[in-house]
Amino acid sequence: MQLQLAQRAYLLTGNGAALLGYLALQGRSGFQATRSRLAGTLWPDSDEERARHLLSNTLYRLQRQVPELADHLVLSSETVGLMGLAVDAVRFGELAAGGDPAGWQEALALYRGDLLEELDGEWLLNERVLMQEQFLATLGRASQHLAAAGPEHHHEALLLAHRWVQADPLDESAHALVMQLYARLGRPGAARRQYEQLARLLAEELGAAPSAGVTALLAALPQPRAAVAGSMAPFVGRQAERAGLLALLDQLARGSGGLALVEGEPGIGKTTLLREIERAAAWRQLACGWGSGQEGAPRLFGPLVEALQGLGRRPALSAASAEAPPVLRPLVEALLGAENADLPPSHFAAEMSQAAALRYLLQRWVEQGPLLLILDDVQWADPQFWRLWPTLVALCQEAPILLLLAYRDWELRQSEPALAALQESERFLRPLRLTLSGFTTAEVAELVQAQASQAAADVTSLQQLSGGNPLLLQELLQGAPGEVVGLGPLLTGRWQKLAEVDQTALAAAAIFGLEVPFVPWSALLPAPLTGPQLRRLVGSRFLRETDTGYAFQHGLVRLHLYRQIPGPQRERWHRQAAELLRQERSPQAVIAWHFAQGAALPAAVFHYQRAAEGALALRAPHSAAQYAAEAADLAVRAGLTAGELLGLHWLQLQLAHQASPTSERLPQVELLLAEARAQRDEDIELRLLLLKFDLLMGQSRQPEIERVQTAILGLVAAVGNPALALEAWQQLALKHAFTMGDSETGLTMARRGWAQAATLADRPELQAEMRLILAACLLRARQADAALVELEAVRATLTDRPELHHIAADWRYLWGVAAQFTGDWDTAHQLHEETLAQQRLGGGFYGLTTALYNTANSASFQGMHEVALAYATELVTLAERELAADDYQKKLQYRALLAQCYEQAGEHEAAAAALAPLRDWLERQEQGAAVVQAWQIIGRAHLGLGEAEVAYEVLRRAVDLAEGLSGAYASPFLALAQACQQTGRAAEALVALTEAGQRINFDGPSMANHTHYFYLRYLLNGAVADLARAHDCLVEQADRFAHPEKRADYVARITLHRQVRAAYLAMRPAPLRVRLVRQDVPLGRPLVAEDYVTVDWTVDAGPADAALQAAAGEATLRRQRLARLMAEARAQGAAPTYGDLAQVLQVSERTIERDIKQLAAGGHAIHTRRRQVPPT
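Its first residue numbered 0, the sequence shown is counted upward by one per residue in numbering that gives the first Met the number 0.
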């Protein structure tokens, strides 16, 4: 919102803009609303007390930011009013509703975009929609009125019709009017392109085709004339350079990519050479995309975005975007030009990779054929473009993609990121480097002959005068003999010959840059452009017509004209251009640049800040940092107040923290916190406290952490932003449950967050995200069943609301963790591998590290040691490279996992070494789940090395720390019991084992801790029943794996499991070997020797049978043995008779028959041979 008071413009955002907007839109001066009504309208998700508190804070901040507002606010203890202000939105409604065409024009001049577009509130939606509908209706009426007013108004009508199309791209009436106007103005090619644009939009958005009426307009257009031989200007010179590039084109057509760099001074012919290659590619039917860097305000990802959009394969683009993996889809849309692509926050995949999106996009395109990308003037490329450069180079090696870059050499060398990127790429791919110099005398002669404008005798002097620069040569050839030599004087002389109205038009065009958007350009002029005037401007050789409008013949031509504009006029035009481009929804950085050039510094700061926020949302931190730096520099020059700068300073701190998270930023946080409190900006204060909480947590500074948490909890109750409040609950829950190991407090925080989210029925995305956090904390607290309930609810939400695809990766990750807790390791590992693959494709640091952690952990517990160690090593390497030097908590968490993987694999020395870099810091820590895990692994490593006494001391410390954690796992207590058993501390071992047993859920499926627990009981008391129970748990876990090799790995490749299996087998009697009839032998015929097979039968299973007999009696044991014998016979391809079974079990056949009936009734499979004919 822009507020103009006392000749100063204020740009308001957030709650202040919402409050003034609501009051202003009531339509009459002096309107007053009760404070209760205002509070309930603007903060409907807060109770009345909190909402009124937010209202008071907002009024306080408004009066500090805009002191002059005190003369217009009417305040009492119960009401708030606004008086004495003219409101553009109200005036717009009055004019749009009238019948005066002049009033319509005035209304359209007032409309600058969606009503309060930066705000989001239910109270605003109806007003915004109503104003949009009025705007569209007024555009239609005004443009149709002008179109019918006569030829002299056709260009003015075209301006409005273009704006109509921009505002409502699916309205066929708007497109039809543009086509009609182009046809009347003698531009059938432009009318035809307009039809193609409509057809593409309808196909992509609605799956429809243009109506019969619009198609009839197309048919009525004159057919394009075939190109006359020789009508195109011949390509002159550069034959060697052209041949080199054509060879790359032919190589591309055969399926091989490549890279070429074309460098040279301005005007030397780089673009002309690339245009020639573009024509050659079209003749070879190769797809080509062209993009150009923009001086002053480069577009995000430019010039790559322009090249991708210009490929002309819109159905393929649409499909690529729609079918992209959820984690990539927003970035794919951003690369296709959707600057405000929706990127909601995600806690487990917090970042996304433009490189992965670009790779996905280009790989999809080359499935249809080779691809040529031409990127011109990359010395002006957006910083984020150079972050994507390594991906582009890699794709040129892997796929049929040819990349042609052109740049001004000396300007590119001023850009450190650009120069470094190009130098680095030469290590992997040798480019064709072409440095263009001036034309030779022979090439000048060729140009002269082509132009037919000078005698051959002048060739040598022309070459000397121009230095062979083609642009200057063209000017010399067109100039009168004896004119002053030099590009500037030549351009000035040509410009002075034009009529004043044409001079003004060209100067105004220069305001926009090399490419001139037709609608804003014409609107900038005192009178709209006419057809004859446009033809004169193109004929003057300053401009050329393009598919999208007009462009200067060369950047130097545009720059020369721009410099001729007087300073005050230039600033005025830039301010007007900024307003016009805002109506066109141009990129924020472009709008900001024009405001800056127009000396409208507060507006420039506002739009640069918006550009930075947009770039940050699109995971483009380098571009965001550049925009934020521009905003900060202009803010100082503008003399903005501390309150106006608070949001910008918070944005800069965010960017700095993302680039290098370190506790050294705590002083900056404190300074901003003081300013936020002085301004009563509770939103930014809460964000700063959350950042401070995160920084302190990394260092385990417990007393300070508790104080900050108290402040956060106080603010969460007061802040009126439900998304921010839930973000606070989520961060507190995750930090307590996972970093500090306090699952009870973490779960409490998650439940409090869900209680607030449950009231937001109209915000399903916030509810789903909070449910995922709650599920994560429930899993941490070992409440898997409750977690599955929450995850099922999220799955149902995702089914009903496909637009929430951004949280699907989070759901998949947690479902995999839940599968671990239910013992379904196959499913768990599969989901973790799929999540990891997605995160490699498009994940950032936190998403990728979470996926690596879970996949390595899952593999380790399954005995897949090589896989586990590979992932864990990658995780630690990534953490060391990306984390701040003092972020010990996260580094410890990842190194503890690596040590665990080594320990599981029996590499005990390597396990201890993995934690050695953090040992000094670890010695000083007194709490935290990762700290407990680290000491436990160190102790187990000492046990593995035979150093039981050292292990005991270390594990004693681990247990002392674990006792302070709510919901602590049983593992440290089990490890201590093992150390006590090995050092002769039997009584202490039993105490530790009892503590472990209290932390194990024996009612759920068997887990690794179950096996360990019963095996330790056996070691301590010698009871074979405990050994049998440990072995049964091991077998039950192994049987959950679908593949035999995985079952074998689980038993044989984990030290504890090998020990249990060996002890069990040592106590089991040898199997009984018998000869039985094969399963496939039919009944009723005499048996021969070949019908028999030798089978090993486990009649007595040793400890397991003894335990069963003691617990359930002789009959139960006999039936258990009977079922086992039948299963073993079937597994070995045999079928026993009742007699075989009776003989081995030493009972009658009648007993066998009764037992089989009971087994069948209980669901057991029965596999016997009912009768037998004796062998002959």
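No residue lacks a Cβ here, since even glycine has one placed at the ideal position from N, Cα and C.
Where residue i and residue j are concerned, what is the direct C-alpha to C-alpha distance, given to the nearest angstrom?
i       : j       : result
Ala218  : Gly188  : 13 Å
Tyr194  : His174  : 7 Å
Arg923  : Pro971  : 19 Å
Ala1141 : Pro1085 : 22 Å
Ala226  : Arg278  : The predicted position of Ala226 is uncertain, since its pLDDT is 42 and thus under 50; a value taken from the coordinates is nonetheless stated next. Straight-line Cα distance between these residues: approximately 14 Å.
Glu962  : Glu865  : 33 Å
Asn853  : Asp823  : 14 Å
Thr821  : Met863  : 19 Å
Met351  : Leu1033 : Low per-residue confidence applies at Met351: pLDDT is 42, beneath 50, and the placement is therefore not dependable, though the value from the model is reported in the following sentence. In a straight line, the C-alpha of Met351 is about 41 Å away from that of Leu1033.
Phe1040 : Tyr1049 : 9 Å
Thr872  : Tyr845  : 16 Å
Leu528  : Gly290  : 27 Å
Glu499  : Trp42   : 56 Å
Glu116  : Ala106  : 18 Å
Would you list the one or two residues that DSSP bridges to residue i?
i       : result
Asp1154 : According to DSSP, Asp1154 bridges with nothing at all.
Cys287  : Leu371
Phe30   : Leu81
Asp1095 : Arg1072
Thr854  : Paired residue(s): none; Thr854 is not in a bridge.
Tyr9    : Leu2
Val65   : Answer is none; Val65 lacks a bridge partner.
Ala259  : Leu403, Leu431
Since residue i is in the alpha helix (DSSP H), which residue starts that stretch and which ends it?
i       : result
Gln903  : 887-903
Val931  : 928-943
Leu670  : 665-677
Phe91   : 87-96
Asp249  : 238-252
Val304  : 303-308
Ala507  : 499-509
Gly120  : From DSSP, Gly120 is part of no alpha helix (DSSP H); its letter is neither H nor E.
Arg1178 : In the structure displayed, the chain extends from 0 to 1175; residue 1178 sits before or after that span and is not available.
For residue i, count neighbouring C-beta atoms within 10 Å of its own C-beta (all shown protein chains included) and say buried if the count is 16 or more, exposed if not.
i       : result
Trp282  : exposed
Phe427  : exposed
Val788  : exposed
Ala817  : buried
Asp1038 : exposed
Gly512  : buried
Ile1053 : buried
Thr1115 : exposed
Ile1165 : exposed
Thr876  : exposed
Asp99   : exposed
Leu205  : exposed
Ser345  : Summary for Ser345: the model assigns pLDDT 40, below 50, so the residue's position carries little reliability; its value from the coordinates is reported in the next sentence. Ser345 should be labelled buried.
Arg429  : exposed
For the beta strand (DSSP E) containing residue i, name the first residue and the last one.
i       : result
Ala405  : 400-406
Thr439  : Segment: none, Thr439 is in no beta strand (DSSP E) and carries neither H nor E.
Gln1    : 1-4
Val1080 : Counting along the chain, Val1080 falls outside any beta strand (DSSP E), and DSSP gives it neither H nor E.
Phe551  : 549-551
Leu73   : Looking at the sequence shown, residue 73 is not Leu but Val. First-last of the beta strand (DSSP E) with Val73: 72-74.
Leu542  : 542-544
Hey, is the segment 892-906 in contact with the segment 939-953, meaning 3+ C-beta pairs nearer than 8 Å?
The segment 892-906 vs the segment 939-953: in contact.
Evaluate the contact criterion for the segment 999-1013 versus the segment 825-842: three or more CB pairs, one atom per stretch, below 8 Å.
No: fewer than three Cβ pairs fall under 8 Å.
Between the segment 664-677 and the segment 632-646, do three or more beta carbon pairs fall short of 8 Å?
These segments touch.
So, do the segment 908-923 and the segment 881-894 have three or more beta carbon pairs nearer to each other than 8 Å?
When C-beta atoms of the segment 908-923 are compared with those of the segment 881-894, three or more pairs fall below 8 Å, so the two segments count as touching.
Decide if the segment 538-553 is in contact with the segment 164-172; the criterion is three or more beta carbon pairs, one per stretch, under 8 Å apart.
Verdict: no, contact absent.
Pairs of beta-carbons, one from the segment 252-259 and one from the segment 384-402, closer than 8 Å: are there three or more?
As far as the Cβ criterion goes, the segment 252-259 touches the segment 384-402, which means the pair count is three or higher.
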